[in-house]
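So the sequence shown is residues 0 to 589, counted in numbering that gives the first Met the number 0.
Positions of the beta carbon are idealized from the N, C-alpha and C atoms, including for glycine.
Down below is the structure, laid out as structure tokens.
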Amino acid sequence: MATIEVPVLIVGGGGCGLAASVFLSDHGVRHLLVERHPGTSRMPKAHYLNQRTMGIFRQHELDAEVAQQGACLAEFGKLRWLTSLGGEGPLDGLVIQEMDAFGGGALRETYEAAGPVLPVKLPQVRLEPILRQHAERRGPGEIRFGHELVTFAEEGDRVVAQVRAVGTGEVTTVVARYLIAADGGRTVGAALGVQMRGLPGFLDVTTAYFTADLSPWWREGTLLTHFLNPHDPDLSSNLIEMGPTWGKHCEEWVLHFPPGDPQRYPAETIVPKIREVLGLPDLELTLRQVTNWSVESLVADQYRVGRVLLAGDAAHRQPPTVGLGLNTGIQDAHNLAWKLAAVLTGRAPDSLLDTYQAERHPIGRHNVDWAVSAALHHHAILEAVGVGQHTAPQRRERAFAAFVDPSPIAAAARARAAELFATHRGGCQAHDVELGFAYEQGAVIPDGSPPPPREPLRDVYHPTTRPGHLLPHAWITRAGRVRSTHDLTGSAGSFVLIIGPKAERWRAAAAAVAEKLSVPIDTVAIGVGAEYTAADDRWSRVREIADEGAILVRPDNHVAWRSRGAGANPTGELAGALGRILENAGPARA
Numbered sequence: 000m001a002t003i004e005v006p007v008l009i010v011g012g013g014g015c016g017l018a019a020s021v022f023l024s025d026h027g028v029r030h031l032l033v034e035r036h037p038g039t040s041r042m043p044k045a046h047y048l049n050q051r052t053m054g055i056f057r058q059h060e061l062d063a064e065v066a067q068q069g070a071c072l073a074e075f076g077k078l079r080w081l082t083s084l085g086g087e088g089p090l091d092g093l094v095i096q097e098m099d100a101f102g103g104g105a106l107r108e109t110y111e112a113a114g115p116v117l118p119v120k121l122p123q124v125r126l127e128p129i130l131r132q133h134a135e136r137r138g139p140g141e142i143r144f145g146h147e148l149v150t151f152a153e154e155g156d157r158v159v160a161q162v163r164a165v166g167t168g169e170v171t172t173v174v175a176r177y178l179i180a181a182d183g184g185r186t187v188g189a190a191l192g193v194q195m196r197g198l199p200g201f202l203d204v205t206t207a208y209f210t211a212d213l214s215p216w217w218r219e220g221t222l223l224t225h226f227l228n229p230h231d232p233d234l235s236s237n238l239i240e241m242g243p244t245w246g247k248h249c250e251e252w253v254l255h256f257p258p259g260d261p262q263r264y265p266a267e268t269i270v271p272k273i274r275e276v277l278g279l280p281d282l283e284l285t286l287r288q289v290t291n292w293s294v295e296s297l298v299a300d301q302y303r304v305g306r307v308l309l310a311g312d313a314a315h316r317q318p319p320t321v322g323l324g325l326n327t328g329i330q331d332a333h334n335l336a337w338k339l340a341a342v343l344t345g346r347a348p349d350s351l352l353d354t355y356q357a358e359r360h361p362i363g364r365h366n367v368d369w370a371v372s373a374a375l376h377h378h379a380i381l382e383a384v385g386v387g388q389h390t391a392p393q394r395r396e397r398a399f400a401a402f403v404d405p406s407p408i409a410a411a412a413r414a415r416a417a418e419l420f421a422t423h424r425g426g427c428q429a430h431d432v433e434l435g436f437a438y439e440q441g442a443v444i445p446d447g448s449p450p451p452p453r454e455p456l457r458d459v460y461h462p463t464t465r466p467g468h469l470l471p472h473a474w475i476t477r478a479g480r481v482r483s484t485h486d487l488t489g490s491a492g493s494f495v496l497i498i499g500p501k502a503e504r505w506r507a508a509a510a511a512v513a514e515k516l517s518v519p520i521d522t523v524a525i526g527v528g529a530e531y532t533a534a535d536d537r538w539s540r541v542r543e544i545a546d547e548g549a550i551l552v553r554p555d556n557h558v559a560w561r562s563r564g565a566g567a568n569p570t571g572e573l574a575g576a577l578g579r580i581l582e583n584a585g586p587a588r589a
């Protein structure tokens, strides 16, 4: 039996596991990834990559290829509620409501100000091959599909695992310092006794993945089209473009039937049902796959058990509303990668990894709850305006009729409905959920400042340099080259100290601390007369420090510590702060 020794074993080759592989390679951390399936996902599944995730991809030079294959905001930045695509009846092809979503339309300027890259629509079936290609290129020989984890155990300062090649049955022993469980919760967490808290399988959904030419009827620029059938609520489904061409000439589609018993949709009825939902009885289509799946609302009670760290669906599972699932998983991997690199290179003790639970567990809990809340609210809107799945038939008929009736009473009903639909911005305009989350505990040094205000529906993002938050984006220039403040951190594990134009004492302090702690710190001055100048007034509005101040930024672009002004003892203050961040106030285990 062969034996392989690597610093990290990744179990699971989905979006989260492959992203973790890319990030670890960029940090110089050797690893082995095993995935029991022979290839990447065959179902589109997650398809919205939010602004934070695209910023992470930019940091790891993935964003250009993802954006090239994906749909841009102009191609997906709306939600629509329709009765059908085709049909000749008075209620067929009726637009009930539409709104800008996920940075599209009137939201675009706000999103452009918030980050160097915009969200992209690219389903997982197309994203995973990109991630796999980069993972294999950056870690040659370290990505093994068709290999499954058989057993594992923690033995002192290592994890010993048995991995079997699915095709041949050959078993290999893998010895690793740490194991990342990105297996969707299928194996590792349960074996460790990790409890998934919440609601398991509270809704059942049937999804059809098919190919068809909808160009004569398709309204372009839609992330998600909700069909609200006036006559049969069981036909109130939603349709999503899946590419590879975007817009009117999209070839592939996913249709989610409303929650309920999957037995309502036996395989032989799926194609007629698709035609009925769309109002296109003669549509030619090819059914690619049908899946029945359960909507869950679950969060692991532990993200770390000894030398095993859970990420992605192994740590949290939620409804697809708001598009938080895959994004949260990729952000888990990003948080974890730089910490593993710091521990494995000896720059930090093992206790730094405890901050993974402290930081990501509250975010996972919040995102699961937010997705459930948005899903329930959307259904409540439909019921309130009289077009929901459980609305009484007589009221349902009147409600739909009001959308075409020219009477003043119907006009009032449409106006009321529009105001209710606008509250769905908590589901499709939740910019503050995407960018405004903060780590209140963990590898950060709070400075006692209050958090920025938060709108109840999380549709307004307030950038801040308060420790724990994402570093605000601003365009800066040097020698004619324009960069984002997010570009100041790279993938090599360096911290960045951003200082004002009158803060050279902090530069000297950073050099001394970097040498003392053997931790790379890049120092960058921004301001009038400094090495970088602001391209506009945005940095001055969001930096929240004086010209003599400093902001310490972690490798993942979250603010770790700041001094609003000149410190009395810059070297001592910075050394104390960085030491506390890396030590996590705990003893070393590694």
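Worksheet item: Using a Cβ-Cβ cut-off of 8 Å (strictly less than) and excluding sequence neighbours within five positions of residue 117, which residues of its own chain qualify?
Response: Sequence index remark: in the sequence shown, residue 117 carries index 118 (1-based). Counting only Cβ-Cβ distances below 8 Å, and skipping sequence neighbours, we find 50, 53, 71, 72, 102, 107, 110, 111.
Fill in: Closest by C-alpha distance to residue 227, when choosing among 388, 214, 3, 244
Translated into positions along the sequence shown, residue 227 becomes position 228. For residue 227, the closest C-alpha among the options 388, 214, 3, 244 is that of 388.
Worksheet item: By DSSP, does residue 82 sit in helix, in strand, or in coil?
Response: As a first step, residue 82 must be located in the sequence shown, where it is residue number 83. Note: residue 82 maps to coil in three-state DSSP.
Worksheet item: Below 8 Å between beta carbons: does that hold for residue 343 and residue 6?
Response: Working through the sequence shown from its first residue, we reach residue 343 at position 344. Working through the sequence shown from its first residue, we reach residue 6 at position 7. Result yes, Cβ atoms of residue 343 and residue 6 sit closer than 8 Å.
Discussion item. For residue 463, report the span of its alpha helix (DSSP H) as first-last.
Written reply: Numbered from 1 along the sequence shown, position 464 holds the residue referred to as residue 463. Careful: residue 463 lies outside any alpha helix (DSSP H) and carries neither H nor E.
Item to complete: For residue 406, count neighbouring Cβ atoms within 10 angstroms of its own Cβ and tell me buried if that reaches 16, exposed if not.
Response: Residue 406 sits at position 407 when you count from the first residue of the sequence shown. Exposed, because fewer than 16 other Cβ atoms sit within 10 Å of the Cβ of residue 406.
Worksheet item: Taking buried to mean at least 16 other C-beta atoms within 10 Å of its own C-beta, is residue 330 buried or exposed?
Response: For the purposes of this step, residue 330 is taken as the residue at position 331 of the sequence shown. It is buried - the Cβ of residue 330 has at least 16 other Cβ atoms within 10 Å.
Practice prompt. Answer yes or no: do residue 274 and residue 297 have a C-beta to C-beta separation smaller than 8 Å?
Written response: Reading the sequence shown from its first residue, position 275 is the one you call residue 274. Reading the sequence shown from its first residue, position 298 is the one you call residue 297. Contact flag unset, no.
Worksheet item: Which one or two residues does DSSP pair with residue 288 in a beta bridge?
Response: Your numbering for residue 288 matches position 289 in the sequence shown. According to DSSP, which records beta bridges pairwise, residue 288 is partnered with 208.
Practice prompt. Indicate whether the contact test is met: 3 or more Cβ pairs, each with one atom in the stretch 457 to 475 and one in the stretch 527 to 542, closer than 8 Å.
Written response: A contact exists between the stretch 457 to 475 and the stretch 527 to 542.
Worksheet item: How would you label residue 463, buried or exposed, when you count the other beta carbons within 10 angstroms and need 16 or more for buried?
Response: Here residue 463 refers to the residue found at position 464 of the sequence shown. Buried, since its Cβ has 16 or more Cβ neighbours within 10 Å.
Practice prompt. Compute the beta-carbon to beta-carbon distance between residue 78 and residue 100, rounded to the nearest angstrom, for a pair I have assumed lies under 8 Å.
Written response: Looking up residue 78 in the sequence shown gives position 79. Looking up residue 100 in the sequence shown gives position 101. Indeed, because the Cβ distance is near 5 Å, the residues count as touching under 8 Å.
Worksheet entry | Distance between beta carbons of residue 147 and residue 33, contact taken as under 8 Å | Translated into the one-based positions of the sequence shown, residue 33 becomes position 34. Translated into the one-based positions of the sequence shown, residue 147 becomes position 148. Confirmed, Cβ separation roughly 7 Å.
Discussion item. According to DSSP, is residue 590 part of a helix, a strand, or is it coil?
Written reply: It is not possible to answer for residue 590, since the shown part of the chain is limited to 0 through 589.
Worksheet entry | Three-way DSSP call (helix, strand, coil) for residue 521 in this model | Along the sequence shown, one-based indexing puts residue 521 at 522. Looking at residue 521 - three-state DSSP - the assignment turns out to be strand.
Fill in: Completely contained alpha helix (DSSP H) runs for the stretch 228 to 280, where each covers 4 or more residues
Entirely contained in the stretch 228 to 280, the alpha helix (DSSP H) runs reaching 4 residues are, in chain order, 269 to 277.
Worksheet entry | Between the CA atoms of residue 46 and residue 513 - distance to the nearest angstrom | As a first step, residue 513 must be located in the sequence shown, where it is residue number 514. As a first step, residue 46 must be located in the sequence shown, where it is residue number 47. Just so you know, the alpha carbons of residue 513 and residue 46 end up roughly 41 Å apart.
Worksheet item: By Cβ distance below 6 Å, which residues in the same chain neighbour residue 448 in space, the five residues on each side in sequence not counted?
Response: Position 449 of the sequence shown, counted from the first residue, corresponds to residue 448. So the list reads 465, once near-sequence residues are dropped.
Worksheet item: Is DSSP giving residue 585 helix, strand or coil here?
Response: Here residue 585 refers to the residue found at position 586 of the sequence shown. In this prediction, residue 585 scores a pLDDT of 36, lower than 50, which makes its location untrustworthy; the coordinate-derived value is nonetheless stated afterwards. Here residue 585 sits in coil by DSSP.
Item to complete: Please report how far the alpha carbon of residue 572 lies from the alpha carbon of residue 579, in whole angstroms.
Response: Taking the first residue of the sequence shown as 1, we reach residue 572 at position 573. Taking the first residue of the sequence shown as 1, we reach residue 579 at position 580. Put simply, the backbone Cα of residue 572 is about 11 Å away from that of residue 579.
Item to complete: Can you give me the start and stop residues for the beta strand (DSSP E) that residue 486 sits inside?
Response: Walking along the sequence shown from the start, residue 486 turns up at place 487. Per DSSP, residue 486 belongs to no beta strand (DSSP E) and is neither H nor E.
Discussion item. Let's see if you can read the secondary structure: which residues bound the beta strand (DSSP E) around residue 154?
Written reply: In the sequence shown, the residue the question calls residue 154 occupies position 155. Residue 154 -> beta strand (DSSP E) spans 146 to 154.
Fill in: Given residue 222 as reference, the closest of 260, 245, 57, 409 once Cα atoms are compared
Start at 1 with the first residue of the sequence shown, and residue 222 comes out as number 223. Ranking 260, 245, 57, 409 by Cα distance to residue 222 puts 245 first.
Item to complete: Might you give, ordered along the chain, the residues of its own chain that have their beta carbon closer than 6 Å to the beta carbon of residue 198, omitting 5 neighbours on each side?
Response: Start at 1 with the first residue of the sequence shown, and residue 198 comes out as number 199. Closer than 6 Å at the Cβ level, and outside the excluded window around residue 198, lie 296.
Fill in: Three-pair Cβ contact test at 8 Å for the stretch 553 to 560 versus the stretch 501 to 516
The way I'd put it, the stretch 553 to 560 doesn't touch the stretch 501 to 516; fewer than three beta-carbon pairs between them come closer than 8 Å.
Worksheet item: If we call anything under 8 Å between Cβ atoms a contact, is residue 27 one with residue 340?
Response: Sequence index remark: in the sequence shown, residue 27 carries index 28 (1-based). Sequence index remark: in the sequence shown, residue 340 carries index 341 (1-based). Yes, the pair counts as a contact, with Cβ atoms nearer than the cut-off.
Worksheet item: CB residue 479 to CB residue 439, shorter than 8 Å?
Response: One-based indexing of the sequence shown puts residue 479 at position 480. One-based indexing of the sequence shown puts residue 439 at position 440. No, these two residues do not count as a Cβ contact at 8 Å.
Discussion item. Here's the rule: buried if 16 or more other CB atoms are within 10 angstroms of the residue's CB, otherwise exposed. What is residue 585?
Written reply: Working through the sequence shown from its first residue, we reach residue 585 at position 586. Bear in mind that a pLDDT of 36 at residue 585, under 50, signals an unreliable position, so the model cannot answer this.
Worksheet item: Identify the residues that DSSP records as bridge partners of residue 34: which are they?
Response: Position 35 of the sequence shown, counting from 1, holds the residue named residue 34. The secondary-structure analysis by DSSP pairs residue 34 across a beta bridge with 144.
Item to complete: Using three-state DSSP, classify residue 4 as helix, strand or coil.
Response: One-based indexing of the sequence shown puts residue 4 at position 5. Taken through DSSP and simplified to helix, strand or coil, residue 4 comes out as strand.
Discussion item. Cutting at 6 Å between CB atoms, please list the residues of its own chain near residue 566, excluding the five before and the five after it.
Written reply: Here the question's residue 566 lines up with position 567 in the sequence shown. Excluding residues within five positions, the ones whose Cβ falls inside 6 Å are 572.
Worksheet entry | Host beta strand (DSSP E) of residue 222 (start-end) | Within the sequence shown, residue 222 is the residue found at index 223, counting from 1. Following the DSSP letters along the chain, one finds residue 222 inside the beta strand (DSSP E) bounded by residues 221 to 226.
Worksheet item: Roughly how many angstroms separate the alpha carbons of residue 169 and residue 144, rounded to a whole number?
Response: Here residue 169 is taken as the residue at index 170 of the sequence shown, counted from 1. Here residue 144 is taken as the residue at index 145 of the sequence shown, counted from 1. If I take the Cα positions, the gap works out to 14 Å.
Practice prompt. Can you say whether residue 229 is buried or exposed, counting buried as having 16 or more other CB atoms within 10 angstroms of its CB?
Written response: Within the sequence shown, numbered from 1, the residue matching residue 229 stands at position 230. Burial call: buried.
Worksheet item: Looking at the unbroken alpha helix (DSSP H) that takes in residue 56, where does it start and where does it end?
Response: Here residue 56 is taken as the residue at index 57 of the sequence shown, counted from 1. Where residue 56 is concerned, the enclosing alpha helix (DSSP H) stretches over 50 to 58.
Item to complete: Could you pull out every residue in the same chain whose Cβ sits closer than 7 Å to the Cβ of residue 196, ignoring the five residues on either side in sequence?
Response: Taking the first residue of the sequence shown as position 1, residue 196 is located at position 197. Cβ neighbours of residue 196 within its own chain (closer than 7 Å, five residues either side excluded): 297, 298, 300.
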